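Engineer:
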Amino acid sequence: MAGWLTGKVALVTGAGSGIGRASALAFAREGAKVVVADVVIEGGEETVSLIKKTGGEALFVKTDVAKAADVEALINSAVAAYGRLDCAHNNAGIAGKSLSVIEDTEENWDRILAINLKGVWLCMRYEIPQMLKQGSGAIVNTASDAGLIGVRRGGAYVASKHGVVGLTKTAALEYAKAGIRVNAVCPGPIDTPMLQRGASRRPQIIDKMVAAQPGGRLGKPEEIAEAAVWLCSEAASFVTGHAMPVDGGYLAQ
Numbered sequence: 108m109a110g111w112l113t114g115k116v117a118l119v120t121g122a123g124s125g126i127g128r129a130s131a132l133a134f135a136r137e138g139a140k141v142v143v144a145d146v147v148i149e150g151g152e153e154t155v156s157l158i159k160k161t162g163g164e165a166l167f168v169k170t171d172v173a174k175a176a177d178v179e180a181l182i183n184s185a186v187a188a189y190g191r192l193d194c195a196h197n198n199a200g201i202a203g204k205s206l207s208v209i210e211d212t213e214e215n216w217d218r219i220l221a222i223n224l225k226g227v228w229l230c231m232r233y234e235i236p237q238m239l240k241q242g243s244g245a246i247v248n249t250a251s252d253a254g255l256i257g258v259r260r261g262g263a264y265v266a267s268k269h270g271v272v273g274l275t276k277t278a279a280l281e282y283a284k285a286g287i288r289v290n291a292v293c294p295g296p297i298d299t300p301m302l303q304r305g306a307s308r309r310p311q312i313i314d315k316m317v318a319a320q321p322g323g324r325l326g327k328p329e330e331i332a333e334a335a336v337w338l339c340s341e342a343a344s345f346v347t348g349h350a351m352p353v354d355g356g357y358l359a360q
């Protein structure tokens, strides 16, 4: 499927590692110029370097997606550099602390919702006006299997990801006639730095995740990236408002 996004401009948030980095590399492989956004400068710049080493074109913009001014500057930088914005993978997110509903803290709740949900909303708030000017665009928001089911000791995270799914569907309905498609990808357990950091505090958690998977393994960041690329491509031209599980069949059980 080489060249599916030739001539396009793509934006990926949280692109300094994990799913975001894999997505940025996949967009570049398919011919897109890529705007790499992350709050961690070192990771974002490394992703740009990896893209350039493969002959791609990319730039890094330090961005805290929970801050409107940062997101507005991100979109302005993308358009200033490349003239347009065709695809966006709003992927930045955090796991936060694993706590029960009554144990959870206001600080944990606010931080998770600010990055995972408000961050997605802010990105679309500034991406969509540019896409409206162009008459087209494709957006993929990273939700989660946890956006479709409940997860014990994950109330804030689950709420944020359910919010992403609902926001995705709403935006899809609002802008379908304007030529803008909005979908969500819902990863299951993926072997990312974020997952590994969580496992360092609870070493048994990965074994439990693997045991619960029909295929008996974790997913790879690249497998989520492929879904994001497809959803942004013309191959998915009649797909909008969809929350797509990429989870090795976990939700089929």
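Heads up, our numbering is the position in the sequence shown plus 107, with the first residue counted as 1.
Glycine included, every Cβ here is placed at the ideal spot set by N, Cα and C.
Small disclaimer: the values here were computed from a predicted structure and weren't measured.
1) Between Val336, Arg260, Asp193 and Val146, which has its C-alpha nearest Ala199's C-alpha?
2) Quick check on Lys115: does DSSP put it in helix, strand or coil?
3) My parser needs the alpha helix (DSSP H) runs of 4 or more residues fully inside the segment 203-233; what are they?
4) Determine which residues share a DSSP beta bridge with Ala263 and list them.
5) What does the Cβ neighbour count give for Val208, buried or exposed, with the cut at 16 atoms within 10 Å?
6) Figure out for me which residue from Glu179, Lys268 and Met316 has the closest Cα to the Cα of Pro236.
7) When you compare only the Cα positions, how much space is there between Val353 and Asp298?
8) If I follow the unbroken beta strand (DSSP E) through Thr154, where does it start and stop?
9) Which residue wins for smallest C-alpha separation from Val227, given the options Gly295, Cys339, Thr120 and Thr347?
10) Between which residues of its own chain and Ala195 is the CB-CB distance below 6 Å, once the five residues before and five after are set aside?
11) If we count Cβ pairs, one from each stretch, closer than 8 Å, do we get three or more for the segment 203-221 versus the segment 258-266?
12) With DSSP as the reference, identify every bridge partner of Asn101, one or two as the case may be.
13) Cutting at 8 Å between CB atoms, please list the residues of its own chain near Asn215, excluding the five before and the five after it.
14) Would you please state the rounded distance, in angstroms, between the beta carbons of Val271 and Asn290? I believe it to be under 8 Å.
15) Which term fits Val141, buried or exposed, when burial requires 16 or more other beta carbons within 10 angstroms of its beta carbon?
16) Run the CB neighbour count on Ile225, radius 10 Å, all protein chains shown included, and call it buried at 16 or more, exposed below.
17) Whose CA, out of Lys115, Ala129, Lys284 and Gly242, lies closest to the CA of Gly326?
18) Using 10 angstroms around the beta-carbon of Ala131, count the other beta-carbons present and answer buried if the total reaches 16, otherwise exposed.
Structural biologist: So, from the data block:
1) Working through the sequence shown from its first residue, we reach residue 199 at position 92. It is Val146 whose Cα lies nearest to the Cα of Ala199.
2) By one-based count along the sequence shown, residue 115 stands at place 8. Coil, per DSSP.
3) 213-220
4) Numbered from its first residue, the sequence shown carries residue 263 at position 156. DSSP lists no partner for Ala263.
5) Position 101 of the sequence shown, counting from 1, holds the residue named residue 208. Answer is exposed; the Cβ neighbour count stays below 16.
6) Looking up residue 236 in the sequence shown gives position 129. Comparing Cα-Cα distances from Pro236 to each of Glu179, Lys268 and Met316, the minimum goes to Glu179.
7) Here residue 353 corresponds to residue number 246 of the sequence shown, with the count starting at 1. Here residue 298 corresponds to residue number 191 of the sequence shown, with the count starting at 1. Roughly 13 Å between the two C-alpha positions.
8) For the purposes of this step, residue 154 is identified with residue 47 of the sequence shown, where counting begins at 1. Run containing Thr154: none in the beta strand (DSSP E); it sits in the alpha helix (DSSP H), Ile148 to Lys160.
9) Here the question's residue 227 lines up with position 120 in the sequence shown. Looking at the Cα atoms, Thr120 is the closest of the given residues.
10) One-based indexing of the sequence shown puts residue 195 at position 88. Contacts found: Leu118, Glu234 and Ile246.
11) yes
12) In this structure the chain extends from 108 to 360, so residue 101 is not present and cannot be described.
13) Residue numbering aside, residue 215 sits at position 108 when the sequence shown is read from its first letter. Closer than 8 Å at the Cβ level, and outside the excluded window around Asn215, lie Gly203, Lys204, Leu206 and Ala263.
14) On the sequence shown, residue 271 is found 164 positions in, with the first residue counted as 1. On the sequence shown, residue 290 is found 183 positions in, with the first residue counted as 1. Not confirmed; about 11 Å, so no contact.
15) To locate residue 141, count along the sequence shown from 1; it is residue 34. Buried.
16) Within the sequence shown, the letter at position 118 stands for residue 225. At residue 225 the sequence reads Lys, which differs from the Ile that was named. By the 10 Å Cβ count, Lys225 comes out buried.
17) Here residue 326 is taken as the residue at index 219 of the sequence shown, counted from 1. Per the Cα distances, Ala129.
18) One-based indexing of the sequence shown puts residue 131 at position 24. It counts as buried.
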